[in-house]
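Residues -22 to -1, 1 to 622 in mature numbering (1 follows the signal peptide of the UniProt record, and there is no 0) are what the sequence shown lists, from first letter to last. Encoded as structure tokens, the structure appears first; notes follow it.
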Amino acid sequence: MKAFARSILAAVAAWLPYDASSTTSLAASASAAPRNASAVNLTVITSGGNLSSPLLYGIMFEEMDHSGDGGLHGQILQNNGFQGANPGLTAYKPIGQAEIMQDYLYPVSGAITSSLQVSVPASGATGLVGFANTGYKGIPVVNTTYWCEFWMLGDYSGMITLQLAGSSSGTIFASHNITVASTQNNFTRYTAVFNATAAPDGNNEWRLLFNASKVSGGTLNFGLPQLFPPAYKARSNGLRQDIAEVIADMKPSFLRFPGGNNLEGLEVESRWQWNLTIGPVVERPGRQSDWFYPNTDALGLDEYLWWCEDMNMAPVLAVWDGKSYGDILSGKELEPYIQDILHELEYLLGAPNTTHGSLRAKNGRVQPWSVQYIEIGNEDDFTGGCATYPRRFMQIYDAIHQNYPNITLITSASDPQCLPSDPPPGIMYDFHYYRSPDQLVAMFHEWDHQSRSRPVMIGEYGCRNTSSPDGFYWTFMQCSCSEAVHMIGLERNSDVIKMASYAPLLQNFPYTQWSPTLIGFDSNPGSLTLSTSYWVQKMFSNYQGQTILPVNSTASFGPLYWVASRTNGTYIMKMANYGNDYRTVRVTIPNTTAGHMELLSGPRDGVNVPHNSTIQPVIQNVTGSKDSYTIQMPAWGVAVLVVH
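The following block contains the structure:
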């Protein structure tokens, strides 16, 4: 992101000014009845053209808006390790005649430095008592099998009851007993598997209960409880299945991670540190993130790479380059951190008998990971990094290139003033921008004259309404249509635009700090909300030709935009109508007969609001007449025609 919190969003609005007059004029035109403007004829030339990047459409992820913890990562209990700055008893409450407190005297491990103490009064306590965790503003309870883990300290032998229950209704959706034999000497790990029936809403909690009479006047300590429904691809410590599946449906070609601002750290010491995100979760200390809430780092380096492997995405790993929001290190001060980058790369790429490669093997991955793209830093042409970035970039570039000459290195700055005066060959340049709809469309020709010797990754882009002080809103058809127009411009230049990723990817609705995103959700059943922009990304990514083809037309670009491509005998025509009038388009593609068309359309202000996704693509079969196809492009419509 160009900014990392509400306090920075005003600055975002300043460097991305919102043209209110433009929107007003569009709104006025939208009030008139749509009319059919003159027809446009498009004829695809089936020879020539330029090769398109196979990695063009990917995704970017960073932990923000509880998109990881409480979102994509499958573990659904909040504050389970008391990580971050002053977490307190967030999400916990006592059950029955019990009192609870965060206890620093009994850490679960060297990383998980406290536990939850549950005390029982010396007299009068009977029956089951304990504590509950209410998750991330509720717990999604569905008809499935849950896996649970917790650590326990204290003298107690007997039954522990685990429940999933309605926080207000008290309805029990799951109840499971396990027998424990805990002592005061050491924490003991316990696991359980149990079935649940579906809850009607997300107002639910996880409970751990024990026999009060056995602990009368005493205490028990519990640490790092975890609760998982079945994970994507059945991975241990894996991804939330429903969210992961709709991401996989986009067929993204790459994943840029772990940020974003969350890489950098509010201070040097709170930066994202790869070696603190690997191994058993009980050994990961977590940290206070740049988005002002704790990160558990349970979604860590290896989990990102399993995610890439499971979805056939190329990893684009960002490494810390000396810039935090509190300080910037360069020269000799940066050297120890460069060595840390080399340790990280040995962990990823080294043989299992190397120092750090053996640690990877111990953590469950014997074969090296496949990592070909490394970005040096994040947004060094913003937030004060520009002046020192040329030197910092070359320090890190030289170290990595000397040891791994086949890795493609990517700058985190695009402003020439922030780059070395004579950049080394073979690098890529990362651009980030967020624009209002009209501004994004105005960038359609932005890349037509880009030097083909300077390949580009657009690591973050999107249509964003900056007229609100906080910029919070959910995406709508005009915005999504403007993104389609811009993506057509990218695809026409995809010999030099190697990668592009809309950002951000996910948001947990109750925790929103930035919007819009492609996918939203909360703890309620059926909450997964696919935005109109999600459908544009999915349509463009699912249908991508290997070669971009020339097109003869009877009109210039605007308000209708198009690009044609081919893979063997399959031809693809992508179109976007950025305007209030519908258009008749006649597409001629020689030697084709039939196929299908996917069409997304809606009112200019049409929106898929949370829990109510009404605007979705429609697919219909098409048959050509003398190699031609007549298409009625609605106002604010995006279409993909695929013929053979």
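Note that CB positions come from ideal geometry on N, CA and C, so glycine has one too.
Give the range of the alpha helix (DSSP H) segment to which Asn381 is assigned. On the sequence shown, residue 381 is found 403 positions in, with the first residue counted as 1. From DSSP, the alpha helix (DSSP H) with Asn381 extends over 367 to 381.
What's the gap between the Cα of Ser348 and the Cα of Leu323? The residue you call residue 348 lines up with position 370 of the sequence shown. The residue you call residue 323 lines up with position 345 of the sequence shown. Computed Cα separation, rounded: 11 Å.
N- and C-terminal bounds of the alpha helix (DSSP H) containing Gln456: One-based indexing of the sequence shown puts residue 456 at position 478. That run of the alpha helix (DSSP H) goes 455 to 470.
For Ala8 and Phe454, what's the separation of their Cα atoms in angstroms? Counting from 1 along the sequence shown, the entry for residue 8 is found at position 30. Counting from 1 along the sequence shown, the entry for residue 454 is found at position 476. Its pLDDT being 33, under 50, Ala8 is placed unreliably in this model, and the value from its coordinates should be taken loosely. Taking the straight line joining both Cα atoms gives about 14 Å.
Just to confirm my understanding: we take Val618, look at its own chain, exclude 5 residues before and 5 after, and list those with CB closer than 6 Å. What are they? The sequence position of residue 618 within the sequence shown is 640, counting from 1. Excluding positions up to five away in sequence, the list reads Met517, Tyr521, Lys552, Glu576.
On a CA-only basis, which of Ser16, Val18, Ser25 is nearest Asn546? Give me that one, please. Locating residue 546 in the sequence shown gives position 568, where the first residue counts as 1. Comparing Cα-Cα distances from Asn546 to each of Ser16, Val18, Ser25, the minimum goes to Ser25.
Among Pro118, Pro402, Gln95, whose alpha-carbon lies nearest the alpha-carbon of Gly52? Counting from one through the sequence shown, the residue named residue 52 turns up at place 74. Closest by alpha carbon: Pro118.
Quick one: give me the first and last residue of the beta strand (DSSP E) that Ile597 is part of. Within the sequence shown, residue 597 is the residue found at index 619, counting from 1. 596 to 601 is the extent of the beta strand (DSSP E) around Ile597.
Beta-carbon contacts of Gly74 that lie in its chain and below 6 Å, excluding the five residues immediately before and after: As a first step, residue 74 must be located in the sequence shown, where it is residue number 96. Taken in chain order, the residues that qualify are Val107.
Using the three-state DSSP reduction, which class does Ala613 fall into: helix, strand or coil? Residue numbering aside, residue 613 sits at position 635 when the sequence shown is read from its first letter. Coil, per DSSP.
Expressed to the nearest angstrom, what Euclidean distance is found between the alpha-carbon atoms of Trp285 and Ser231? As a working mapping, residue 285 is identified with position 307 in the sequence shown. As a working mapping, residue 231 is identified with position 253 in the sequence shown. Cα to Cα, the separation comes out at about 12 Å.
For Gly49 and Pro494, the rounded distance between their alpha carbons: As a first step, residue 494 must be located in the sequence shown, where it is residue number 516. As a first step, residue 49 must be located in the sequence shown, where it is residue number 71. Straight through space, the alpha carbons of Gly49 and Pro494 are spaced by roughly 16 Å.
Leaving out five residues on either side along the sequence, give the residues of the same chain with a beta carbon under 7 Å from the beta carbon of Tyr411. Locating residue 411 in the sequence shown gives position 433, where the first residue counts as 1. So the qualifying residues of the chain are Tyr439.
Within its chain, find whatever has a CB closer than 6 Å to the CB of Leu277; leave out the 5 residues flanking it on each side and keep chain order. Taking the first residue of the sequence shown as position 1, residue 277 is located at position 299. Excluding residues up to 5 positions away in sequence, Gly46, His51 lie with their Cβ nearer than 6 Å to the Cβ of Leu277 in the same chain.
Between which two residues does the beta strand (DSSP E) carrying Lys211 extend? Residue numbering aside, residue 211 sits at position 233 when the sequence shown is read from its first letter. Looking at the DSSP string, Lys211 is not in any beta strand (DSSP E), and its letter there is neither H nor E.
Flag this pair as touching only if the region 386 to 402 and the region 478 to 489 have three or more C-beta atom pairs under 8 Å; answer yes or no. no
Cβ pair Asn173, Tyr210 closer than 9 Å: Position 195 of the sequence shown, counted from the start, is the residue given in the question as residue 173. Position 232 of the sequence shown, counted from the start, is the residue given in the question as residue 210. The answer is no: Cβ separation not under 9 Å.
Proximal residues to Ile90 (C-beta, below 7 Å), its chain only, five neighbours per side dropped: On the sequence shown, position 112 is the one that residue 90 refers to. Same-chain partners within the cutoff: Gly59, Gly201, Leu202, Val260.
Of all the options Ser146, Ala170, Ala159, Ser147, which has the alpha carbon lying nearest to the alpha carbon of Ser153? Indexing the sequence shown from 1 puts residue 153 at position 175. Ser153 has its Cα closest to that of Ala170, out of Ser146, Ala170, Ala159, Ser147.
Would you call Val596 buried or exposed, if buried means 16 or more other Cβ atoms sit within 10 Å of its Cβ? By one-based count along the sequence shown, residue 596 stands at place 618. Per the 10 Å Cβ criterion, exposed.
Among residues of its own chain, excluding the 5 on either side of Ala100, which ones have a beta-carbon nearer than 7 Å to its beta-carbon? As a position in the sequence shown, residue 100 is number 122, starting the count at 1. Cβ neighbours of Ala100 beyond the five flanking positions: Ser194, Gly195.
Reference Asn181; option with closest CA among Ile78, Thr112, Asp400, Ile225: Along the sequence shown, one-based indexing puts residue 181 at 203. Nearest C-alpha to Asn181: Thr112.
Can you find the residues in the same chain that come closer than 6 Å, C-beta to C-beta, to Ser505, ignoring five residues on each side of it along the sequence? To locate residue 505, count along the sequence shown from 1; it is residue 527. Same-chain partners within the cutoff: Phe499, His589.
Delimiting residues of the beta strand (DSSP E) encompassing Ala478: Numbered from its first residue, the sequence shown carries residue 478 at position 500. Ala478 -> beta strand (DSSP E) spans 475 to 480.
What are the uninterrupted segments assigned as alpha helix (DSSP H) that are 4 or more residues long and contained completely in the region 498 to 564, given in chain order? 510 to 520
What's the call for Gln417, buried or exposed, on a 16-neighbour Cβ count within 10 Å? As a working mapping, residue 417 is identified with position 439 in the sequence shown. Looking at its Cβ environment, which holds 16 or more other Cβ atoms inside 10 Å, Gln417 is buried.
Cβ neighbours of residue 625 in the same chain (closer than 8 Å, five flanking residues each side left out): Outside the modelled stretch of the chain, which goes from -22 to 622, sits residue 625, for which no answer is possible.
DSSP on residue 624, reduced to helix/strand/coil? For residue 624 there is no data in the structure shown, the boundaries of the chain being -22 and 622.
If you draw a straight line from the alpha carbon of Ser308 to that of Gly363, how long is it in whole angstroms? On the sequence shown, residue 308 is found 330 positions in, with the first residue counted as 1. On the sequence shown, residue 363 is found 385 positions in, with the first residue counted as 1. C-alpha of Ser308 to C-alpha of Gly363: approximately 10 Å in a straight line.
Extent of the continuous beta strand (DSSP E) run through Arg338: Position 360 of the sequence shown, counted from the first residue, corresponds to residue 338. Taken as a continuous stretch (DSSP letters only), Arg338 belongs to no beta strand (DSSP E), being part of the alpha helix (DSSP H) at 333 to 340.
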